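Just below is one structure, and these are the notes that go with it.
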């Protein structure tokens, strides 16, 4: 299939909670985050520049992952308890504590294209508490959205930050993208 010429739309946002035990990372079953409005990923890490002999002698990129912002209709309660460290008590009230610790997660999503949607995974994300906003409604009330800021950094061990599908990605990998976090299968020789 030919490559996309353009991208548009955001959908199929999922998260997968990370559990770490003895340095081993495992991903939970991906869970959908409904109501995605906008996703922005800003690269982290400045260009390294070294000057010698009165000129730019050496330059290299410094990949420290991404600063991300996900704008969604409403942050799901499950995400708040799984990844933001909030707790749900016996009265079905969700509380936030100053001592709460969030959990890292993988973030999966796709952008539609003129040929085929491109599916992405960010392997190691940590979210900040969301901004809480609201405003009075008027004659034509506009829905309010939640904004979640997060950092997507390199995963321990293999330093993977992100993966995405291409027009040539096989149907088994493409169709199973949201069943589990994509891991490259190493062929045994």
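In the working numbering, the protein residues as written are 1229 to 1417. Heads up, the beta-carbon is just placed ideally off N, CA and C, and yes, glycines get one too. Given the structure is predicted, the values throughout are model-derived calculations rather than measurements.
Going by CA-CA distance only, name the one from the options that's closest to residue i.
i, options, result
"residue 1254", "1404, 1238, 1368, 1332", "1332"
"residue 1260", "1314, 1375, 1379, 1335", "1335"
"residue 1458", "1310, 1379, 1341", "Nothing about residue 1458 can be read from this structure; the chain reaches only from 1229 to 1417."
"residue 1311", "1229, 1391, 1357, 1250", "1357"
"residue 1307", "1241, 1405, 1229, 1398", "1241"
"residue 1288", "1274, 1235, 1252", "1274"
"residue 1270", "1377, 1406, 1349", "1377"
Grab me the residues of residue i's own chain with a C-beta within less than 7 Å of its C-beta, minus the 5 sequence neighbours each way, in chain order.
i, result
"residue 1329", "1313"
"residue 1293", "1272, 1379, 1380, 1381, 1382, 1389"
Tell me which residues share the same chain as residue i and place their Cβ nearer than 6 Å to its Cβ, disregarding the 5 neighbours each side in the sequence.
i, result
"residue 1402", "1393"
"residue 1351", "1334, 1383, 1388"
"residue 1291", "1273"
So, at 8 Å on beta carbons, what are the nonlocal neighbours of residue i in its own chain, with the 5 sequence-adjacent residues on each side left out?
i, result
"residue 1265", "1238, 1299, 1300, 1301, 1373"
How would you write the range of the beta strand (DSSP E) that residue i sits in, first residue to last?
i, result
"residue 1268", "1264 to 1271"
"residue 1391", "1390 to 1392"
"residue 1325", "Unbroken run through residue 1325: none, as it is neither H nor E."
"residue 1340", "1333 to 1341"
Buried or exposed: residue i, going by 16 or more other Cβ atoms within 10 Å of its Cβ?
i, result
"residue 1276", "exposed"
"residue 1199", "Only positions 1229 to 1417 of the chain appear in this structure, which leaves residue 1199 out of reach."
"residue 1322", "exposed"
"residue 1296", "buried"
"residue 1258", "buried"
"residue 1413", "exposed"
Is residue i helix, strand or coil by DSSP?
i, result
"residue 1199", "Because the chain is modelled from 1229 through 1417, residue 1199 falls outside the range shown and cannot be assessed."
"residue 1359", "strand"
"residue 1310", "helix"
"residue 1368", "coil"
Which residues mark the beginning and the end of the alpha helix (DSSP H) in which residue i is found?
i, result
"residue 1234", "Unbroken run through residue 1234: none, as it is neither H nor E."
"residue 1402", "1399 to 1403"
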